[in-house]
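Q:
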Amino acid sequence: MTVTAVIGSQWGDEGKGKVVDYLAERADYVARFNGGNNAGHTVINEFGTFKIHLVPSGIFARNTVGLIGGGVVIDPSVLIEEIDLLNNAGVGVEGRLWISPRSHLIMPYHKILDGLYEEAKGAGATGTTRRGIGPVFADKVSYNGIRWSDFGSKAFESRLQVQLELKNKIILALGGKTLKYEEVRDTYREYYLRLKPYIRELFSLVQDGLKADKNFLLEQAMGTFLDTDWGTYPFVTASTTIPSAASAGLGIPPRYITNVVGVTKAYTTRVGAGPLPTEIHDTETEVYKKFAETAATTGRTRRVGWLDLEIVKTAVELSGVTELCLTKLDVLSGLDEIQVCTRYELSCDPVRYADVDSYGLEKVETVYKTVPGWQEDISKARSFDNLPTQAKDYVKMIEDAAEVPVKWIGIGPERDATIRR
Ligand code: GDP
Ligand code: IMO
Ligand code: MG
Numbered sequence: 022m023t024v025t026a027v028i029g030s031q032w033g034d035e036g037k038g039k040v041v042d043y044l045a046e047r048a049d050y051v052a053r054f055n056g057g058n059n060a061g062h063t064v065i066n067e068f069g070t071f072k073i074h075l076v077p078s079g080i081f082a083r084n085t086v087g088l089i090g091g092g093v094v095i096d097p098s099v100l101i102e103e104i105d106l107l108n109n110a111g112v113g114v115e116g117r118l119w120i121s122p123r124s125h126l127i128m129p130y131h132k133i134l135d136g137l138y139e140e141a142k143g144a145g146a147t148g149t150t151r152r153g154i155g156p157v158f159a160d161k162v163s164y165n166g167i168r169w170s171d172f173g174s175k176a177f178e179s180r181l182q183v184q185l186e187l188k189n190k191i192i193l194a195l196g197g198k199t200l201k202y203e204e205v206r207d208t209y210r211e212y213y214l215r216l217k218p219y220i221r222e223l224f225s226l227v228q229d230g231l232k233a234d235k236n237f238l239l240e241q242a243m244g245t246f247l248d249t250d251w252g253t254y255p256f257v258t259a260s261t262t263i264p265s266a267a268s269a270g271l272g273i274p275p276r277y278i279t280n281v282v283g284v285t286k287a288y289t290t291r292v293g294a295g296p297l298p299t300e301i302h303d304t305e306t307e308v309y310k311k312f313a314e315t316a317a318t319t320g321r322t323r324r325v326g327w328l329d330l331e332i333v334k335t336a337v338e339l340s341g342v343t344e345l346c347l348t349k350l351d352v353l354s355g356l357d358e359i360q361v362c363t364r365y366e367l368s369c370d371p372v373r374y375a376d377v378d379s380y381g382l383e384k385v386e387t388v389y390k391t392v393p394g395w396q397e398d399i400s401k402a403r404s405f406d407n408l409p410t411q412a413k414d415y416v417k418m419i420e421d422a423a424e425v426p427v428k429w430i431g432i433g434p435e436r437d438a439t440i441r442r
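Next comes the structure, spelled out in structure tokens:
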């Protein structure tokens, strides 16, 4: 039995979707345990190109069973669309995708409130995906949430009625458009009926799988530094992202997690507000243009920066990463020199990420090392030995700093554009 958690070691979008799709071949169960459809995981394989928000990215492997754990928050319309998309693409998910009845529903008022709070915060806004993530998790922990299991009794109607009374008052006070009970009730009943065949308690399934020595692949959403507790608060997401979240979010005891794969982009990106110590601000530079990406969920332009080893090291320590997967190494081709942040200083003294808060992180000095780049296109390389010396040295430098091996290297967005060491 193996239980492998795949986590992003930066601020999200490290390439987790691609890596999970690649590793899923050996998995029996592929699971999401945190976050919601704020996630956008890109998968490119023989079925096509997909930006997946809720279904585990390992679902493309024929023999896997997909699980959406109770720790995930679900916008039903997004999930229905995704299931249809996958079924139409020939990735049959019926009978092998299960949604926990414990998972919470993103309601229309969560999305409205997300937008209204962001607007009220003005320049101090988080830059959320506006998918209702903060408000739905706030309702979950303040006992105001609605779960799939509520449809099994009259709880759904009565809970919705109370919530709409409360939420409409807030929406009205903030200048938003109120919602009608009957409309929301009917729409969500329809969603429930559509998704009912997929809803099933996961406890026995997971426990039996663990006892039967099955292999589990756990797909984190967001990255380490968007974690509510350990991320750059308040510029974070509303769920725990570190691997221990899989315990509450899926019902897998922590001691069963055997491997933690830290997915690390060869540079750094971030979407939304908050500190990014190695940020490249000059949008006219060649390197900015090289690194710039479009966000998979919102279509925003991702902020970019050089690789930050202090961040990667902290993620390895915090999440108990056992091996790294370095993605997007191919993007660095063509640079004469590459900057890498090796540590932080504050008032000339060394300082660690965890010693400062988000506002302190804005003030740290990033200490850089300049390493030689390479000109060769490496996207066709399929073995480590075929990489230019400078690219190999870049990989080794990361291993030395992180003190864990780089086991896979991404040299293109497609599943097979991966070097295994
Ligand atoms: P996720 O949220 O962690 O799954 O990452 P995203 O899918 O949001 O963003 C990662 C982006 O990098 C996507 O556009 C992927 O197709 C792309 N990608 C992943 N790995 C590689 C790689 O090794 N090389 C290149 N060029 N692109 C990659
Ligand atoms: P994946 O799984 C990158 C960011 C948002 C915002 C902050 C809070 O694809 O890596 P939220 O909507 O969660 O309340 O927004 O978190 N964010 C992500 N950034 N990748 C993601 O997911 C993200 N999910 C949320 O941009 O800064
Ligand atoms: Mg993403």
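Quick note: the sequence shown uses this note's numbering, first residue 22, plus one each step.
C-beta atoms are modelled at their ideal positions from N, C-alpha and C, and glycine is treated no differently.
1) Buried or exposed: where does F224 fall if 16 or more other Cβ atoms within 10 Å of its Cβ makes it buried?
2) Out of curiosity, what's the CA-to-CA distance linking N269 and M243?
3) When DSSP builds the beta bridges, which residues end up paired with C346?
4) My output table needs one value for Q396: the three-state DSSP class, helix, strand or coil.
5) Quick one: complete beta strand (DSSP E) runs, 3+ long, within the region 198-260?
6) Identify whether V325 lies in helix, strand or coil by the three-state DSSP scheme.
7) Within a Cβ cutoff of 6 Å, which residues of the same chain sit near R215, ignoring the five residues on either side of it in sequence?
8) I58: buried (16+ other C-beta within 10 angstroms of its C-beta) or exposed?
9) Judging by CA-CA distance, which residue of V51, T285 and G320 is the nearest neighbour of Y415?
10) Quick one: measure Cβ to Cβ for F81 and A45, integer angstroms, because I've assumed they're closer than 8 Å.
11) Starting from the C-beta of V227, find all residues in its chain whose C-beta is less than 7 Å away, skip the five residues before and the five after it, and write them out in chain order.
12) Can you look up E102 in the DSSP assignment and give me helix, strand or coil?
13) Cβ of I432 within 8 Å of Cβ of D351?
14) Specify the secondary structure class of I127 as computed by DSSP and reduced to three states.
15) Assign I419 to one of three DSSP states: helix, strand, or coil.
16) Quick test of the definition: if touching needs 3 or more C-beta pairs under 8 Å, does the region 348-367 touch the region 382-392?
17) Can you give me the Cβ contacts of Y202 inside the same chain, cut-off strictly under 8 Å, excluding the 5 residues immediately before and after it?
18) Can we count H131 as close to the ligand IMO, meaning its CB is less than 7 Å from some heavy atom?
19) Flag I65 as yes when its Cβ comes closer than 7 Å to any non-hydrogen atom of the ligand GDP, and as no otherwise.
20) Would F237 and A402 be called neighbours here (beta carbons separated by less than 8 Å)?
21) Rounded to the nearest angstrom, what separates W395 and G283 at their Cα positions?
22) Could you tell me whether the region 250-261 touches the region 305-317, using the rule of 3 or more Cβ pairs below 8 Å?
23) Can you tell me which of the three DSSP states Y309 falls into?
24) Just checking T149 against the ligand IMO - is the residue's beta carbon closer than 7 Å to any of the ligand's heavy atoms?
25) Hey, V24 and S78 are a contact pair by Cβ (cut 8 Å); roughly how many whole angstroms apart?
26) Quick one: give me the first and last residue of the beta strand (DSSP E) that L367 is part of.
27) Identify which residue in P298, D234, S354 and Y380 has its Cα closest to the Cα of I332.
28) Report buried or exposed for A375, applying the criterion of at least 16 other Cβ atoms within 10 angstroms of its Cβ.
29) For a test of the three-state rule: what should DSSP assign to P97, helix, strand or coil?
30) The ligand IMO and F312: does any heavy atom of the ligand fall closer than 7 Å to the residue's C-beta?
31) Name the two residues that bound the continuous alpha helix (DSSP H) containing K188.
32) If you check the beta carbons only, do Q241 and K39 fall under 8 Å apart?
33) Under the three-state reduction of DSSP, which class applies to R151: helix, strand or coil?
34) If you follow the alpha helix (DSSP H) that Y277 is in, where does it begin and where does it stop?
35) Grab me the residues of F68's own chain with a C-beta within less than 7 Å of its C-beta, minus the 5 sequence neighbours each way, in chain order.
36) Within a Cβ cutoff of 6 Å, which residues of the same chain sit near S121, ignoring the five residues on either side of it in sequence?
A: This is what the structure gives:
1) Translated into the one-based positions of the sequence shown, residue 224 becomes position 203. With fewer than 16 other Cβ atoms within 10 Å, it is exposed.
2) Here residue 269 is taken as the residue at index 248 of the sequence shown, counted from 1. Here residue 243 is taken as the residue at index 222 of the sequence shown, counted from 1. Note that residue 269 is Ala in the sequence shown, not Asn. Here the alpha carbons of M243 and A269 stand approximately 17 Å from one another.
3) Translated into positions along the sequence shown, residue 346 becomes position 325. BP columns for C346 point to V284 and W429.
4) In the sequence shown, residue 396 corresponds to position 375, counting from 1. Coil.
5) Considered as a whole, the region 198-260 harbours 236-244 as its complete beta strand (DSSP E) runs of no fewer than 3 residues, in chain order.
6) Within the sequence shown, numbered from 1, the residue matching residue 325 stands at position 304. Under the three-state reduction of DSSP, V325 is assigned to strand.
7) In the sequence shown, counting from the first residue as 1, residue 215 sits at position 194. Counting only Cβ-Cβ distances below 6 Å, and skipping sequence neighbours, we find I101.
8) Residue numbering aside, residue 58 sits at position 37 when the sequence shown is read from its first letter. It should be pointed out that residue 58 corresponds to Asn in this sequence rather than to Ile. Here N58 is buried, its C-beta having at least 16 other C-beta atoms within 10 Å.
9) Taking the sequence shown and counting its residues from 1, the one referred to as residue 415 is at position 394. Here the closest residue by C-alpha is T285.
10) Against the sequence shown, residue 81 aligns to sequence position 60. Against the sequence shown, residue 45 aligns to sequence position 24. Confirmed, about 7 Å.
11) Here the question's residue 227 lines up with position 206 in the sequence shown. The residues are L271, G272 and I273.
12) Walking along the sequence shown from the start, residue 102 turns up at place 81. Helix at E102.
13) Translated into the one-based positions of the sequence shown, residue 432 becomes position 411. Translated into the one-based positions of the sequence shown, residue 351 becomes position 330. Taking a C-beta distance under 8 Å as the contact criterion, I432 and D351 qualify as a contact pair.
14) The sequence position of residue 127 within the sequence shown is 106, counting from 1. Correct three-state label for I127: coil.
15) Looking up residue 419 in the sequence shown gives position 398. I419 falls in the helix class under three-state DSSP.
16) Judged by pairs of C-beta atoms under 8 Å, the region 348-367 touches the region 382-392, as three or more such pairs exist.
17) Within the sequence shown, numbered from 1, the residue matching residue 202 stands at position 181. So the qualifying residues of the chain are L181, Q182 and L185.
18) On the sequence shown, residue 131 is found 110 positions in, with the first residue counted as 1. No - the ligand IMO has no heavy atom lying nearer than 7 Å to the Cβ of H131.
19) As a first step, residue 65 must be located in the sequence shown, where it is residue number 44. Yes, Cβ of I65 sits closer than 7 Å to a heavy atom of the ligand GDP.
20) Numbered from its first residue, the sequence shown carries residue 237 at position 216. Numbered from its first residue, the sequence shown carries residue 402 at position 381. F237 is not a Cβ neighbour of A402, given a cutoff of 8 Å.
21) Numbered from 1 along the sequence shown, position 374 holds the residue referred to as residue 395. Numbered from 1 along the sequence shown, position 262 holds the residue referred to as residue 283. Computed Cα separation, rounded: 25 Å.
22) Segments in contact, no.
23) Sequence index remark: in the sequence shown, residue 309 carries index 288 (1-based). Reduced to three states, the DSSP call for Y309 is helix.
24) Here residue 149 refers to the residue found at position 128 of the sequence shown. Yes.
25) Here the question's residue 24 lines up with position 3 in the sequence shown. Here the question's residue 78 lines up with position 57 in the sequence shown. Contact doesn't hold; Cβ gap of about 17 Å is too wide.
26) Along the sequence shown, read from residue 1 onward, the residue named residue 367 stands at position 346. Run containing L367: E358 to L367, per the beta strand (DSSP E) assignment.
27) Position 311 of the sequence shown holds residue 332. Ranked by how close their Cα comes to the Cα of I332, the residues P298, D234, S354 and Y380 have P298 in first place.
28) Working through the sequence shown from its first residue, we reach residue 375 at position 354. Around the beta carbon of A375, a 10 Å sphere encloses fewer than 16 other beta carbons of the protein chains shown; the residue is thus reported as exposed.
29) For the purposes of this step, residue 97 is taken as the residue at position 76 of the sequence shown. Helix, per DSSP.
30) To locate residue 312, count along the sequence shown from 1; it is residue 291. F312 Cβ: outside cutoff for every heavy atom of the ligand IMO.
31) Position 167 of the sequence shown, counted from the first residue, corresponds to residue 188. Membership of K188 in the alpha helix (DSSP H) is indicated by the continuous run A176 to A194.
32) Along the sequence shown, one-based indexing puts residue 241 at 220. Along the sequence shown, one-based indexing puts residue 39 at 18. Using a Cβ distance threshold of 8 Å, Q241 and K39 do not count as a contacting pair.
33) Within the sequence shown, numbered from 1, the residue matching residue 151 stands at position 130. In the structure shown, R151 sits in coil (DSSP, three-state: anything other than H, G, I, E or B).
34) Taking the first residue of the sequence shown as position 1, residue 277 is located at position 256. Per DSSP, Y277 lies in no alpha helix (DSSP H) segment and is marked neither H nor E.
35) Start at 1 with the first residue of the sequence shown, and residue 68 comes out as number 47. Exclusion of the five residues before and after F68 leaves F81, A110, G111 and V112 as the residues of its chain whose Cβ lies within less than 7 Å of its Cβ.
36) The count along the sequence shown starts at 1 and reaches residue 121 at position 100. Hits under 6 Å: G90, G91 and L223.
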